[in-house]
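Written out below as structure tokens is the structure these notes cover.
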Amino acid sequence: MNTNGEALRLEAVSKSFAGHAAVQELTLGVPRGSVFGLLGPNGAGKTTTLRMVMDVLAPDAGAITVLGQPAGAAARDRVGYMPEERGLYPRMHVDEQLAFLAELKGLARAEALRRAAPWLERLGLADWRRRRVNELSKGMQQKVQLVATLLHDPELLILDEPMSGLDPVGMDVVRDVLLEAHARGCTLVLSSHQMETVERLCDRVALIHRGRLLLEGTVAEVKRRHGGNRVALVVEEGDPAFLWGWPGVLAARREGARVELDLEPGADPQPLLREAAARLRLARFERVEPSLHQIFVARVTAAGGTA
Amino acid sequence: MTRLWAVVRREYLERVRSKAFLVGTLVGPVLLGALMVGPGALMSRQRGQPLRVAVVDASGRLGADVEQALRERRADGQPRFDVRPAGAGSLEERRARLRQQVLAGELDGYVLLPDGALERSQAEYHGRNVSAVMDISLIDRVVEERLQARRLLDAGLDPERVQAAQRRLDLKTVKLSERGEREDRGASFLLSMVLLMALYTSVAMWGAALMNGVIEEKSNRVVEVVVSSVPTTTLFAGKLLGVGAVGLTQLSAWAVVAGGFGLVGSQAAALSGLKLPEVPLHLLLFFVLFFLLGFFLYGALYISVGAAVNSQQEAQSLVFPVILPLVVGVMFFPVVLGSPDSRLSVALSLVPFWTPLLMFLRMTVVTPPAWQVALGLALTLLSIAGLTWVAARIYRVGILMYGKRPTFPEILRWVRHS
Numbered sequence: 011m012n013t014n015g016e017a018l019r020l021e022a023v024s025k026s027f028a029g030h031a032a033v034q035e036l037t038l039g040v041p042r043g044s045v046f047g048l049l050g051p052n053g054a055g056k057t058t059t060l061r062m063v064m065d066v067l068a069p070d071a072g073a074i075t076v077l078g079q080p081a082g083a084a085a086r087d088r089v090g091y092m093p094e095e096r097g098l099y100p101r102m103h104v105d106e107q108l109a110f111l112a113e114l115k116g117l118a119r120a121e122a123l124r125r126a127a128p129w130l131e132r133l134g135l136a137d138w139r140r141r142r143v144n145e146l147s148k149g150m151q152q153k154v155q156l157v158a159t160l161l162h163d164p165e166l167l168i169l170d171e172p173m174s175g176l177d178p179v180g181m182d183v184v185r186d187v188l189l190e191a192h193a194r195g196c197t198l199v200l201s202s203h204q205m206e207t208v209e210r211l212c213d214r215v216a217l218i219h220r221g222r223l224l225l226e227g228t229v230a231e232v233k234r235r236h237g238g239n240r241v242a243l244v245v246e247e248g249d250p251a252f253l254w255g256w257p258g259v260l261a262a263r264r265e266g267a268r269v270e271l272d273l274e275p276g277a278d279p280q281p282l283l284r285e286a287a288a289r290l291r292l293a294r295f296e297r298v299e300p301s302l303h304q305i306f307v308a309r310v311t312a313a314g315g316t317a
Numbered sequence: 017m018t019r020l021w022a023v024v025r026r027e028y029l030e031r032v033r034s035k036a037f038l039v040g041t042l043v044g045p046v047l048l049g050a051l052m053v054g055p056g057a058l059m060s061r062q063r064g065q066p067l068r069v070a071v072v073d074a075s076g077r078l079g080a081d082v083e084q085a086l087r088e089r090r091a092d093g094q095p096r097f098d099v100r101p102a103g104a105g106s107l108e109e110r111r112a113r114l115r116q117q118v119l120a121g122e123l124d125g126y127v128l129l130p131d132g133a134l135e136r137s138q139a140e141y142h143g144r145n146v147s148a149v150m151d152i153s154l155i156d157r158v159v160e161e162r163l164q165a166r167r168l169l170d171a172g173l174d175p176e177r178v179q180a181a182q183r184r185l186d187l188k189t190v191k192l193s194e195r196g197e198r199e200d201r202g203a204s205f206l207l208s209m210v211l212l213m214a215l216y217t218s219v220a221m222w223g224a225a226l227m228n229g230v231i232e233e234k235s236n237r238v239v240e241v242v243v244s245s246v247p248t249t250t251l252f253a254g255k256l257l258g259v260g261a262v263g264l265t266q267l268s269a270w271a272v273v274a275g276g277f278g279l280v281g282s283q284a285a286a287l288s289g290l291k292l293p294e295v296p297l298h299l300l301l302f303f304v305l306f307f308l309l310g311f312f313l314y315g316a317l318y319i320s321v322g323a324a325v326n327s328q329q330e331a332q333s334l335v336f337p338v339i340l341p342l343v344v345g346v347m348f349f350p351v352v353l354g355s356p357d358s359r360l361s362v363a364l365s366l367v368p369f370w371t372p373l374l375m376f377l378r379m380t381v382v383t384p385p386a387w388q389v390a391l392g393l394a395l396t397l398l399s400i401a402g403l404t405w406v407a408a409r410i411y412r413v414g415i416l417m418y419g420k421r422p423t424f425p426e427i428l429r430w431v432r433h434s
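Which chain is which? The protein sequence lines are A and B, in order. Going from the first sequence to our numbering is simple: count from 1 and add 10. Going from the second sequence to our numbering is simple: count from 1 and add 16.
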């Protein structure tokens, strides 16, 4: 198995529905072993993209490669998929359900049942094994769904909004389980519009808007390239008003003792620091790292839309 | 293959384990049997008390005769009529009095023989309950016999000799076939009807079950996980096979129950002179074959409807054109049963939508030429191939479409572009 290549590759993929372009010439690569966040506002084309990866939808144009093979039957068994709209058979028993979904991935029934037992034990569902799914609470159903996604030990996990509808405890469970899978070498691709989730989990992100790619890269890269040039200082003594007219300062804001300055792209803040240190008594001087959330909102707004 | 099997198994077990299946399988034939045997049994049992009647004779020549005949008439070995005196007085007075008695519940009714009853062969029955068809037809027969006997006597003929000369014909019908001959008294017709209705009911019922399964999978969203694991054609085929197997299971259960009824019933039937038809093995095999063909044909349509809609309410308007050919096919049964080898019957039985019903119906009464059966099967199989191809495409697109119900042109576009 090639562990250095890409787990997923989209090449100029397009898909439209009844004249509406949902995804337009999208090109993306997901390195093996990464945790990849597909970001975008509602309606950006995230779900359509993931559905094409799972061959649930066929792209109008472009090529999709999953684990080195064209999207479709070949790679399916090595991929785990949790759609945004979760669903299980309401009248099936929990273990029957898990066995069935694993059988569809090519696992033998007995093997599936054997593997399910420790999962159910761990997630506190052991006593619910012989219960019908519609007797379970929503949170328990989500856990069953998660187990179903993992039972066949996939190399690639595709998760559409994995945290939506979860309470904080549920979120922690999902995060732990996903990180464990990642530690075993599984590549994760997850879509989300919740930036905190992505920032805490992902090492790479892609932002799409109206079916098009806006930016892509590691989280650090994205922040560096798109974060702007901003510094903040906290003033203990002195009047910082001279900073407003300082060369290279585009804008300045003051909130009590804290002053935030937007600098020209590429401008070096060191001369500014020296000047400020000379004229003011400073409690703190720092570069401000923008959150993904801020970048996201700024980029989507700039591209002409609401986040 | 193992994945197809997993789908078949799931579809099968989920339905066979349900309470609805158990109830339908066990209660269905009992209900059907009760419906067929029940009313007759109840009617003959509920005869109960003899009917209290009086006879008013305007002519004055027939009354005593009719009263006597009514008194002697028996039903199930018991006197059927309790004949009460009509009393004295004018015709109007007697009628008024009897009317009071009927309304007071002292009398069930009275027979009025008007003037000229003999010449015009007319009589009246006045009673509270004029829906007791069996009793009333008995009165009709008794009065008619007495009037005829009186006319014969008047003409100088001996009623008993005339009756002997007019003995009713007992026409035996014997069914001839390659497998020998067998006396038949209408049981063959009954068998054809029962088998046809069983076919129709099973195809319609399990077709609808198929559709509801698709709607359910779609509305609880589990379908997306499934089609991300197996091709939609596997899921589609698994549903047809799984639910088809459920239908066969139920039909087998019905056959066993019917066989049990038959064993018990044959003794009773032997007493009443009715010979229960035997169902030849080849007919049973064709029944299974035609059920499967009909189920696959209509099942493909039902699946398409299920995939196109969001709820069972929405399905109702779309399902009508699916059921229509099925119902129309059943409505042709008198035509086909009446003359199973006529050009019309042959033509109807070769229309793929009707072959499973009407070709089979013909086979229950005659042995159609082998080429007709083969042609019917071939056309049906071709239609199934074509329809499942179309339905699978509608299915593939439809199961992920939520929101507004698609229009017919939109569904056609799915077929062309999926």
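The beta carbon of each residue, even a glycine, is placed where N, CA and C say it ideally should be. Remember, predicted model here, so these are calculated numbers, not experimental data.
By the neighbour-count definition (other C-beta atoms within 10 Å, threshold 16), Y418/B is an exposed residue. Neighbours of P100/A in chain B, taken as residues at a C-beta separation under 9 Å, are given in chain order as E232, N236 and V238.
The beta carbon of T396/B lies closer than 8 Å to those of L309, L313, P368, T371 and P372 in the same chain, with the five residues before and after it left out.
When Cβ pairs closer than 8 Å are counted between the two stretches, the segment 161–173 of chain A is seen to touch the segment 55–63 of chain A, the count reaching three or more. Not flagged as an interface residue toward chain A: V262/B, since no C-beta distance is shorter than 9 Å. For Q34/A, the enclosing beta strand (DSSP E) starts and ends at H30 to P41. Sequence-distant Cβ neighbours of H303/A in its own chain, meaning closer than 7 Å and more than five residues away, are M205. With 16 or more other CB atoms across the displayed protein chains lying within 10 angstroms of its CB, S245/B is buried. In the DSSP assignment, F97/B falls within the unbroken beta strand (DSSP E) covering F97 to R100. Between the alpha carbons of L78/B and L129/B lies a gap of roughly 8 Å. A Cβ-Cβ separation of about 6 Å places L211/B in contact with T380/B under the 8 Å criterion. Within the segment 165–211 of chain A, the complete alpha helix (DSSP H) segments at least 4 residues long are 178–193 and 205–211, listed from N- to C-terminus.
Take the alpha-carbon of G134/A and the one of A120/A: they are about 21 Å apart.
The contact set of P80/A on chain B, defined by CB atoms closer than 9 Å, is empty, because the minimum CB distance reaches about 14 Å. Secondary structure in the segment 200–248 of chain B: the alpha helix (DSSP H) runs of 4 residues or longer, each lying completely within the stretch, are 203–235 and 238–245 in chain order. Using a CB distance cut-off of 9 Å, E95/A counts as an interface residue toward chain B.
Counting only residues of its own chain and dropping the five nearest sequence neighbours on each side, P275/A has a CB closer than 8 Å to the CB of G238 and N239. Minimum Cα-Cα distance from E94/A among the listed residues S147/A, T311/A, E145/A and S201/A corresponds to S201/A. Taking a contact to require three or more Cβ pairs closer than 8 Å, the segment 189–200 of chain A and the segment 290–299 of chain A do not qualify as touching. Burial state of L86/B is buried, judged by a 10 Å Cβ sphere holding 16 or more other Cβ atoms. DSSP places H219/A in the uninterrupted beta strand (DSSP E) bounded by R214 to H219. Residue-level contact by beta carbon fails for V23/A and chain B, as no gap is shorter than 9 Å. Fewer than three Cβ pairs drawn from the segment 279–288 of chain A and the segment 215–233 of chain A lie within less than 8 Å of each other, which leaves the two stretches out of contact. Around the C-beta of K255/B, 16 or more other C-beta atoms lie within 10 Å, and the residue is accordingly described as buried.
Between R421/B and E330/B, the C-beta spacing is below 9 Å. At the C-beta level, R100/B and V69/B come within 9 Å of one another. Taking a beta-carbon distance threshold of 9 Å, T18/B counts as an interface residue toward chain A.
For E27/B, there are no neighbours in chain A by C-beta distance under 9 Å, as the nearest C-beta there is about 10 Å away.
Residues K25, S26, G55, T58 and G221 of the same chain have their beta carbon placed closer than 8 Å to that of A32/A, with the five preceding and five following residues left out of the count. One finds A22 and R26 in chain B with Cβ atoms closer than 7 Å to the Cβ of F110/A, taken in chain order. DSSP places R101/A in the coil class of the three-state scheme, outside both helix and strand. For the segment 334–356 of chain B, there are no residues whose beta carbon sits under 9 Å from a beta carbon of chain A. Here R125/A carries a helix assignment [DSSP, helix/strand/coil].
Assignment of beta strand (DSSP E) within the segment 281–316 of chain A, counting only whole runs of 3 or more residues, yields 291–297 in chain order. Where R222/A is concerned, the enclosing beta strand (DSSP E) starts and stops at R222 to T228. Taking a contact as a CB-CB distance under 8 Å, the pair A324/B and I427/B counts as one, their CB atoms being some 6 Å apart.
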